[in-house]
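This report refers to the structure that appears directly beneath it.
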Amino acid sequence: MRSIAKEFLLAAAVVIGVTLTAGAQQKSLYERLGGQPAIAAVVDRFVANLAADKRINTFFANSDIPAFKSKLVDQVCQASGGPCTYTGKDMKAAHQGLGITEADFNALVEDLTAALDHFKVPKQEKDELLGLLAPMKSDIVEG
């Protein structure tokens, strides 16, 4: 009888563990990133990285940085399943005529990855976010 009780308790523990794991996986990327405050912190670091990156900082020299940050937070928030609405230009219109190359785009991704790493964003969430943003490459890169 005791072995049946042990087996029952073990099975119950497994079911509870699977249920808790499934519940954690059902959270949106937005929630797993830490919501809008965490996204805003990553964006702040990302923009600082862009400003320091001599490979691409000239693209942002005439930008309204506070507006850029705000739009970027909204874009990441919306893309990750958050409650925000991105109201900026589409990526093709926003980058048309800038002559952004694949090397420029890759530098930007490196700067974003460094910002995510600075805040110790877990690999799964980092990969998921980069995966959501990657399709924009074809609308951004011209040369």
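Note that our numbering gives residue 541 to position 22 of the sequence shown, counting from 1, and the numbers run on in steps of one. Glycine is no exception: its CB is placed at the ideal position from the N, C-alpha and C atoms.
If we ignore side chains and look at the alpha-carbon of each, how far apart do residue i and residue j end up?
i	j	result
F587	Y605	12 Å
G547	S599	Sequence check: residue 547 is Ser here, not Gly. In a straight line, the C-alpha of S547 is about 7 Å away from that of S599.
C596	L652	12 Å
A626	D658	16 Å
V562	T632	11 Å
K645	A560	15 Å
D636	R564	10 Å
D623	G650	18 Å
D609	G616	14 Å
A571	F578	12 Å
E661	D583	23 Å
N568	K611	23 Å
Q545	N581	41 Å
In terms of residue numbering, what span does the alpha helix (DSSP H) encompassing residue i cover?
i	result
G650	642 to 652
D630	621 to 637
K611	610 to 614
Report the residue ranges of all alpha helix (DSSP H) runs contained in full by the stretch 547 to 598; include only those spanning at least 4 residues, in chain order.
548 to 552, 554 to 571, 584 to 598
Check whether the stretch 548 to 565 and the stretch 639 to 650 touch, using three or more Cβ-Cβ pairs below 8 Å as the test.
yes
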